[in-house]
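Read top to bottom, the protein sequences are chains Y and H. Residue 159 in the UniProt record's numbering sits at position 159 of the first sequence, and the numbers go up by one each step. Residue 26 in the UniProt record's numbering sits at position 26 of the second sequence, and the numbers go up by one each step. All C-beta atoms, glycine included, are put in the ideal place defined by N, C-alpha and C. Remarks on the structure that follows.
There are 2 protein chains.
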Amino acid sequence: MGDCEQCMVRKLSALNVLKGEEIKSISGCKVTKRIKKGEVVFKEGDMLNGVYCISSGVCKLTKLTEKGKDQVVKLVIKGELLGQRSVIINQTANLTATALNDMEVCFIPKQEILQDLLKNNEFSFSVLKRMATDLKEAEIAIVNMAQKSVRKRLADIILYLHNNFGVDESNYLKVPLSRDDFASIVGTATESVIRTLSQFKKEGLIKTSGKKIQILNYDELELME
Amino acid sequence: MGDCEQCMVRKLSALNVLKGEEIKSISGCKVTKRIKKGEVVFKEGDMLNGVYCISSGVCKLTKLTEKGKDQVVKLVIKGELLGQRSVIINQTANLTATALNDMEVCFIPKQEILQDLLKNNEFSFSVLKRMATDLKEAEIAIVNMAQKSVRKRLADIILYLHNNFGVDESNYLKVPLSRDDFASIVGTATESVIRTLSQFKKEGLIKTSGKKIQILNYDELELME
DNA sequence: GTGAAACCATGACAATTATCATATTTTTGT
DNA sequence: ACAAAAATATGATAATTGTCATGGTTTCAC
Numbered sequence: 001m002g003d004c005e006q007c008m009v010r011k012l013s014a015l016n017v018l019k020g021e022e023i024k025s026i027s028g029c030k031v032t033k034r035i036k037k038g039e040v041v042f043k044e045g046d047m048l049n050g051v052y053c054i055s056s057g058v059c060k061l062t063k064l065t066e067k068g069k070d071q072v073v074k075l076v077i078k079g080e081l082l083g084q085r086s087v088i089i090n091q092t093a094n095l096t097a098t099a100l101n102d103m104e105v106c107f108i109p110k111q112e113i114l115q116d117l118l119k120n121n122e123f124s125f126s127v128l129k130r131m132a133t134d135l136k137e138a139e140i141a142i143v144n145m146a147q148k149s150v151r152k153r154l155a156d157i158i159l160y161l162h163n164n165f166g167v168d169e170s171n172y173l174k175v176p177l178s179r180d181d182f183a184s185i186v187g188t189a190t191e192s193v194i195r196t197l198s199q200f201k202k203e204g205l206i207k208t209s210g211k212k213i214q215i216l217n218y219d220e221l222e223l224m225e
Numbered sequence: 001m002g003d004c005e006q007c008m009v010r011k012l013s014a015l016n017v018l019k020g021e022e023i024k025s026i027s028g029c030k031v032t033k034r035i036k037k038g039e040v041v042f043k044e045g046d047m048l049n050g051v052y053c054i055s056s057g058v059c060k061l062t063k064l065t066e067k068g069k070d071q072v073v074k075l076v077i078k079g080e081l082l083g084q085r086s087v088i089i090n091q092t093a094n095l096t097a098t099a100l101n102d103m104e105v106c107f108i109p110k111q112e113i114l115q116d117l118l119k120n121n122e123f124s125f126s127v128l129k130r131m132a133t134d135l136k137e138a139e140i141a142i143v144n145m146a147q148k149s150v151r152k153r154l155a156d157i158i159l160y161l162h163n164n165f166g167v168d169e170s171n172y173l174k175v176p177l178s179r180d181d182f183a184s185i186v187g188t189a190t191e192s193v194i195r196t197l198s199q200f201k202k203e204g205l206i207k208t209s210g211k212k213i214q215i216l217n218y219d220e221l222e223l224m225e
């Protein structure tokens with residue numbers, strides 16, 4: 001149960017602009033939770049009683065399609081808030097949040113956040129800016145989904161994982177995604193992912209070891225049309 | 001040059017929560033513009049000096065892909081603000097706005113909006129709620145792009161146009177989209193749109209007259225998988 | 001009104017992606 | 001360590017979608 005005032009993660013998030021009093025208040029009512037890999041933080045349709053500030057770990061936000069498949073909409077990382085949108089518009093969650101590795105999150109009750117939003121203009125402007133950025137990214141995602149091939153979308157997500165989540169000591173991507181996860185990010189069949197990764201291997205773009213992936217030719221992945 | 005205080009369109013928008021003083025100030029500095037069908041309001045990459053409040057007409061927001069195609073991200077209608085995101089995060093426009101029919105818009109300078117956002121908490125919370133809703137819709141669009149067939153996406157947009165923009169006296173869709181526009185909304189080739197519309201005609205789902213489209217079987221368009 | 005330009009339509013074919021079947025490998029629980 | 005379960009891999013084939021070519025229609029400026 002750390003002190004929010006000192007928390008480095010908070011300083012990365014929209015909560016960074018909160019003042020002493022507000023932070024003390026959050027410190028007093030927040031609840032720290034550990035979430036294991038594969039566990040669900042909240043589900044599409046849940047009414048959220050607060051937001052989650054991610055301290056460590058990575059989480060996927062998915063939406064269930066009519067065919068019963070999951071589609072990943074966004075990967076979320078330390079320093080981002082989960083569930084803020086549902087709290088702001090007071091609706092049930094639009095997406096399901098599932099941990100991709102072990103996570104630590106701080107749960108902050110809804111009324112605490114709403115109170116700060118209404119009182120502290122700098123804070124609501126800060127949340128507004130984050131949301132504007134999220135919206136911009138979502139728009140880009142729409143265009144990519146609509147216009148890029150499965151092959152290119154898969155190359156893109158590999159590069160994205162490399163750039164945003166880094167590599168381990170032997171240069172393999174850190175985030176452990178299954179072929180199924182890749183499929184639901186790219187929006188394609190699992191077999192298509194497997195086939196395309198095999199193709200990438202043949203072309204010397206990547207190499208794999210079990211489910212781990214290492215980039216061999218960054219530039220060509222990026223330049224792929 | 002109407003008076004914003006009385007403006008019904010403003011009352012539909014996020015500007016509805018502004019108070020007397022603020023509205024008078026906007027009334028004094030806003031500029032009303034007429035934009036003809038096909039004209040560009042602003043272009044991807046432009047630095048916007050304000051936001052546009054749409055009084056009448058419909059406009060498409062597009063993004064240019066690497067292949068040089070336009071992808072429609074959103075259709076925007078009376079009562080919505082254009083360019084708010086760019087103004088809030090102080091970046092160049094991410095999308096191009098083009099009039100689909102003759103439009104009337106009110107241009108409100110950036111500093112006016114920013115000043116109100118920083119001073120009036122109710123206003124920034126109102127904008128925040130709108131943006132949260134936009135984000136939710138964008139997420140749904142990502143899932144639809146990823147998971148639905150061209151055939152279903154085309155059916156969806158026809159239903160959307162019917163529900164949101166209505167029909168004329170002979171039941172044809174009011175918004176005049178070309179096959180090209182449909183293609184860049186659905187994210188497919190123009191020929192695929194034409195073919196699929198022909199298919200819909202054969203199946204008795206729609207009928208056409210020139211470029212105008214009329215829905216004959218709403219339910220089946222909706223139930224299509 | 002008329003000719004040019006833009007738009008719509010369809011065929012033929014190629015490329016991409018999905019689906020189903022069936023091995024093989026890796027991971028996991030005990 | 002070992003069996004069961006899950007995940008990965010690959011082939012065969014079908015369905016969807018894209019591309020190129022070509023011709024007919026509508027729209028619009030003059």
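- Message: On the criterion of 16 or more Cβ atoms from any shown chain inside 10 Å, does H/MET8 qualify as buried, or is it exposed?
- Response: exposed
Note to self: So for Y/ALA189, helix, strand or coil by DSSP?
What the structure shows: coil
Within 10 Å of its beta-carbon, does H/GLY210 have 16 or more other beta-carbons around it, so buried, or fewer, so exposed? exposed
Worksheet entry | Coil, strand or helix - H/SER209 by DSSP | strand
Problem set entry | Interface flag, Y/LEU117 vs chain H, CB-CB below 9 Å | Cβ-Cβ to chain H under 9 Å: yes for Y/LEU117.
Original post:
Do H/LYS74 and H/ASP134 have their C-beta atoms within less than 9 Å of each other?
Top reply: Yes, the pair counts as a contact, with Cβ atoms nearer than the cut-off.
| Relative to the alpha-carbon of H/GLY36, which residue among H/ARG195, H/CYS59 and H/CYS4 has its alpha-carbon at the smallest distance? | Gly is not the amino acid found at residue 36 of chain H; the sequence shown has Lys there. It is H/CYS59.
| Beta carbon of H/SER126 nearer than 9 Å to that of H/VAL17 | By the CB criterion at 9 Å, H/SER126 and H/VAL17 fall inside the cutoff.
Nearest to Y/PHE107 by CA position, among Y/LEU216, Y/GLN84, Y/ARG179 and Y/ILE88, is which residue? Y/GLN84
- Item | Neighbouring residues, chain Y, relative to H/LYS69 (Cβ below 8 Å) | GLN147
**Asked** Going by the CB atoms, is the gap between H/HIS162 and H/ILE89 shorter than 9 Å?
**Response** Contact flag unset, no.
Between the alpha carbons of H/LYS109 and H/SER27, how many angstroms are there, rounded?
A small fix is needed here, since residue 109 of chain H is Pro in this sequence, not Lys. If you take the alpha carbons of H/PRO109 and H/SER27, they lie about 11 Å apart.
- Message: Against chain H, which members of the segment 12–34 of chain Y pass a CB distance test of less than 9 Å?
- Response: none
Can you name the start and end residues of the beta strand (DSSP E) that Y/LYS63 belongs to?
59–64
Pop quiz: H/GLU66 and Y/ALA138 are said to be a contact at Cβ under 8 Å. What is the actual Cβ separation, rounded to whole angstroms?
With a Cβ gap of about 19 Å, H/GLU66 and Y/ALA138 do not count as contacting.
### Query
Do you know offhand how far Y/ASP70's Cα is from Y/MET131's?
23 Å
Quick check on DSSP: helix, strand or coil for Y/VAL105?
strand
ask   = DSSP puts Y/ASP70 in a beta bridge; with which residues?
value = Paired residues: Y/LEU64.
9 Å Cβ cutoff met for H/LYS202 and H/THR208: no
Is there a Cβ of chain Y sitting closer than 9 Å to that of H/VAL186, yes or no?
yes
To the nearest angstrom, report how far apart Y/ASN217 and Y/LEU223 are at their CA atoms. 10 Å
**Asked** Closest by CA to Y/ILE54, which one among Y/GLY68, Y/LEU100 and Y/ASP219?
**Response** Y/LEU100
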